[in-house]
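Asks: Let me give you the structure first, and then I'll get to my questions.
Numbering (the working numbering), first residue to last: 165 to 794.
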């Protein structure tokens, strides 16, 4: 306060202002003079003096009303004086530099030191309260065109480095949910949560026309003719959940070095087909095909994992998450597949899948259906059903397809059994593809958009496969994608090669009999009888159970034993028996029944009479039984 304005001066002014008619101008000038002082204690004493005088002169109500309004206007003047309303930052995050000088922060101070809010004290004074120790901005809104939900991109600067993070818009609108931002190194606590929510809502309101709005999807691949992440029109808003994969899809190094090395590698048919599968993934959506699996399998040291890394390098960094180890569940794999959508889902070490071999058949069906099953969410309700339109490239030490696999599973798998080494110098190749990657995929998609007749090209290849191979339509469909993808890769990328043809690949396709579960069950039956030949002899050497007898190429088999053994090998007795009868693999009774009631070696029971195939049944010892029969 001014030193010349004593307590007596205040009383005298009050007498003049209150004694007759209330003089608001005089009171206002008095308050202005008092508030020029930075001494809050003296200021409060002066106000108390005025209150006393106003009470005695019966002007207390009017004075209190004026004092309240004065404090409000005073605080606003202080805000206008101390707060510019525009972010005062020396730098802005990349891609958002254009909003540096026009970004509004309202009644908050936003500068390189952090965020402060304006506040008033109990005595009507103005102060600045720190609420965040670093700059924090909303720089982009992400509106998902699939579900119309919105996310926001937050930018924050810790040290000298700007970082960004995507979060659901509901996070910045909730005092409880905003605490999650602490996981990203943003300075927010339970004490500051409410203030930061208010601050961010202020930013949204003040900059609603300034903050960029981008259309997004929650996955990669095709959407309305655009391909994410190569599109400038559509972005991906699921990079938090799959950050490793998303960051891995980039270009690095020397394209020509990668191309020349891969051109040499492609002299190996297994490597070339693996790469074809990688290029085939984005074709499935365009042509309207079904997902399928290419499985590279065989002993250790053949270079299978390196081959998968080469296939991944088409799109990005193979070491950055594009090659996944199968250490999860089929559902977890399907979540990854849904995110990849039009890009290949590459899975190494198939034998490590949870559930082991028993999960192979279920996994094949789940992945090749192209959508996950409805499941309950941990938080309640139902998980959203997700889809994918890509292919899967897998490796393992054993075949994913078993003798007892369903025909539907075998149909969707192109099985590549590696006999020799796929890649001779795996270490050098890994060095090449780990430092040079991501160019071919972008080029492939760019050129693919120019193609006008992909569907007819696919159909032509499909017809040729159907005409020249002894296999099923679905096997032909999967292989047609590989041949089409290979031809496009030659056209766009490698150029110096000839296209693969039907003769090059027919040996990798399962025959109709191999797909047919009835044929596989019959093959197993004949092998099983051969393996257990001593169980069908009434001999002193047979110290165990007698299951029946073999006579003139017909095996009379105890029905209970056969049913149990079929079940143990995942074959359904009631399902295969009618098919066996239709194809003449078993002898019926005179009444047309499958089971005969008779006595064998003095044992009366129900028996099945199976006609043994001369190709599958052999009179050999157990030690000579082929592995696939066991």
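From the three backbone atoms N, C-alpha and C, an ideal C-beta is built for every residue, glycine too.
Taking DSSP as the reference, what is the three-state secondary structure of residue 774?
Replies: Translated into the one-based positions of the chain shown, residue 774 becomes position 610. Of the three classes helix, strand and coil, the one that applies to residue 774 here is strand, per DSSP.
Asks: Buried or exposed: which applies to residue 411, given that a residue is buried once 16 or more other Cβ atoms fall within 10 Å of its Cβ?
Replies: Position 247 of the chain shown, counted from the first residue, corresponds to residue 411. Burial is judged here by how many other beta carbons sit within 10 angstroms of a residue's own beta carbon; residue 411 has fewer than 16 and is exposed.
Asks: Could you name each continuous alpha helix (DSSP H) segment of 4 residues or more that falls completely within the stretch 184-263, going from the start of the chain to the end?
Replies: Within the stretch 184-263, the complete alpha helix (DSSP H) runs of at least 4 residues are 188-199, 204-220, 224-246.
Asks: Would you call residue 495 buried or exposed, if buried means 16 or more other Cβ atoms sit within 10 Å of its Cβ?
Replies: Position 331 of the chain shown, counting from 1, holds the residue named residue 495. Exposed: under 16 other Cβ atoms inside 10 Å.
Asks: Is the stretch 328-346 touching the stretch 356-364 in the sense that three or more CB pairs, one from each, lie closer than 8 Å?
Replies: yes
Asks: Less than 7 Å between CB atoms is the rule here; does residue 667 satisfy it with respect to chain D?
Replies: Considering every chain present, this structure includes no chain D. It has just one protein chain.
Asks: Alpha carbon to alpha carbon, how far is residue 581 from residue 612? Give it in angstroms, no decimals.
Replies: For the purposes of this step, residue 612 is taken as residue 448 along the chain shown, with counting starting at 1. For the purposes of this step, residue 581 is taken as residue 417 along the chain shown, with counting starting at 1. So the alpha carbons of these two residues sit roughly 31 Å apart.
Asks: Nearest to residue 323 by alpha carbon, out of 231, 691, 769, 278?
Replies: To locate residue 323, count along the chain shown from 1; it is residue 159. By alpha-carbon distance to residue 323, the top candidate from 231, 691, 769, 278 is 278.
Asks: In the DSSP assignment, find the unbroken alpha helix (DSSP H) run with residue 712 in it and report its ends.
Replies: Taking the chain shown and counting its residues from 1, one reaches residue 712 at position 548. Counting along the chain, residue 712 sits inside no alpha helix (DSSP H); it lies in the beta strand (DSSP E) bounded by residues 712-715.
Asks: Please state if the CB of residue 422 and the CB of residue 591 are separated by a distance shorter than 7 Å.
Replies: Taking the chain shown and counting its residues from 1, the one referred to as residue 591 is at position 427. Taking the chain shown and counting its residues from 1, the one referred to as residue 422 is at position 258. Not in contact: residue 591 and residue 422 (Cβ atoms no closer than 7 Å).
Asks: Quick one: Cα of residue 396 to Cα of residue 554, how far?
Replies: Locating residue 396 in the chain shown gives position 232, where the first residue counts as 1. Locating residue 554 in the chain shown gives position 390, where the first residue counts as 1. When rounded, the distance between both Cα atoms is 22 Å.
Asks: Write down every uninterrupted run of the alpha helix (DSSP H) in the stretch 428-475 whose length is 4 residues or greater and which is fully enclosed by it, in chain order.
Replies: 433-444, 447-451
Asks: What's the gap between the Cα of residue 235 and the Cα of residue 365?
Replies: Your numbering for residue 235 matches position 71 in the chain shown. Your numbering for residue 365 matches position 201 in the chain shown. Rounded to the nearest angstrom, the two C-alpha atoms are 26 Å apart.
Asks: Just to confirm the assignment, what range does the alpha helix (DSSP H) spanning residue 766 have?
Replies: For the purposes of this step, residue 766 is taken as the residue at position 602 of the chain shown. Segment: none, residue 766 is in no alpha helix (DSSP H) and carries neither H nor E.
Asks: Whose CA, out of 299, 271, 276, 307, lies closest to the CA of residue 291?
Replies: Counted from its first residue, the chain shown places residue 291 at position 127. When each option's Cα is compared against that of residue 291, the closest is 271.
Asks: When the Cβ atoms of the stretch 724-740 are set against those of the stretch 668-675, are three or more pairs found closer than 8 Å?
Replies: no
Asks: So the candidates are 658, 637, 663; which of them puts its Cα closest to the Cα of residue 679?
Replies: Counting from one through the chain shown, the residue named residue 679 turns up at place 515. Of the listed residues, the one whose Cα sits closest to residue 679 is 637.
Asks: Could you tell me how far apart the beta carbons of residue 639 and residue 563 are, in whole angstroms, since I believe they sit closer than 8 Å?
Replies: In the chain shown, the residue the question calls residue 639 occupies position 475. In the chain shown, the residue the question calls residue 563 occupies position 399. No, residue 639 and residue 563 are not in contact; Cβ-Cβ is about 15 Å, not under 8 Å.
Asks: Mind listing, in chain order, the continuous beta strand (DSSP E) runs of no fewer than 3 residues lying wholly within the stretch 369-421?
Replies: 376-381, 385-387, 390-392, 398-400
Asks: Nearest-angstrom Cα distance between residue 319 and residue 325?
Replies: Residue 319 sits at position 155 when you count from the first residue of the chain shown. Residue 325 sits at position 161 when you count from the first residue of the chain shown. Distance between the alpha carbons of residue 319 and residue 325: 10 Å.
Asks: In the DSSP output, which residue or residues are listed as bridge partners for residue 669?
Replies: For the purposes of this step, residue 669 is identified with residue 505 of the chain shown, where counting begins at 1. DSSP lists no partner for residue 669.
Asks: Expressed to the nearest angstrom, what Euclidean distance is found between the alpha-carbon atoms of residue 774 and residue 714?
Replies: As a position in the chain shown, residue 774 is number 610, starting the count at 1. As a position in the chain shown, residue 714 is number 550, starting the count at 1. Each residue's Cα considered, the two are about 9 Å apart.
Asks: Take residue 393 and list the residues in its own chain whose beta-carbon comes closer than 8 Å to its own, dropping the five residues that flank it on each side.
Replies: Residue mapping note: residue 393 aligns to position 229 of the chain shown, counting from 1. If we look at residue 393 and ignore the five residues flanking it on each side, its Cβ neighbours are 384, 399, 400, 410, 413.
Asks: Taking three-plus beta-carbon pairs below 8 Å as touching, is the stretch 181-189 in contact with the stretch 217-232?
Replies: yes
Asks: Would you list the residues sitting across from residue 692 in a DSSP beta bridge?
Replies: Counting from 1 along the chain shown, the entry for residue 692 is found at position 528. DSSP output for residue 692 lists no bridge partner at all.
Asks: So, with DSSP's three-state summary, where would you put residue 752?
Replies: Taking the chain shown and counting its residues from 1, the one referred to as residue 752 is at position 588. DSSP places residue 752 in coil when its eight states are reduced to three.
Asks: Measuring alpha carbon to alpha carbon, tell me which residue in 209, 188, 185 is nearest residue 172.
Replies: Taking the chain shown and counting its residues from 1, one reaches residue 172 at position 8. Among 209, 188, 185, the Cα nearest to that of residue 172 is on 209.
Asks: Taking all protein chains shown into account, decide if residue 543 is buried (16 or more other Cβ within 10 angstroms of its Cβ) or exposed.
Replies: Residue 543 sits at position 379 when you count from the first residue of the chain shown. Unreliable placement is indicated for residue 543, whose pLDDT of 46 sits below 50; no coordinate value is reported for it.
Asks: Sort 465, 195, 369, 535 by Cα distance to residue 588 and report the nearest one.
Replies: Taking the first residue of the chain shown as 1, we reach residue 588 at position 424. With distances taken between Cα atoms, residue 588 lies closest to 465.
Asks: Within 10 angstroms of its Cβ, does residue 610 collect 16 or more other Cβ (buried), or is it exposed?
Replies: Taking the chain shown and counting its residues from 1, one reaches residue 610 at position 446. Its Cβ having fewer than 16 others within 10 Å, residue 610 is exposed.
Asks: At what residue ranges does the stretch 610-690 contain a whole run of the alpha helix (DSSP H), taking only runs of 4 or more?
Replies: Here the runs fully enclosed are 618-632, 637-653, 666-669, 676-679.
Asks: Of the choices 618, 459, 756, 667, whose alpha-carbon is the least far from that of residue 645?
Replies: Looking up residue 645 in the chain shown gives position 481. Measuring from the Cα of residue 645, the nearest candidate turns out to be 618.
Asks: DSSP three-state label for residue 721, please.
Replies: If you number the chain shown from 1, residue 721 lands on position 557. Residue state, collapsed to three classes: strand.
Asks: Within this structure, are the beta carbons of residue 577 and residue 457 separated by less than 7 Å?
Replies: By one-based count along the chain shown, residue 577 stands at place 413. By one-based count along the chain shown, residue 457 stands at place 293. Going by C-beta atoms, residue 577 is nearer than 7 Å to residue 457.
Asks: Among 755, 772, 314, 213, which one has its Cα closest to the Cα of residue 763?
Replies: What you label residue 763 is simply residue 599 of the chain shown in a count that begins at 1. The candidate whose alpha carbon is nearest that of residue 763 is 772.
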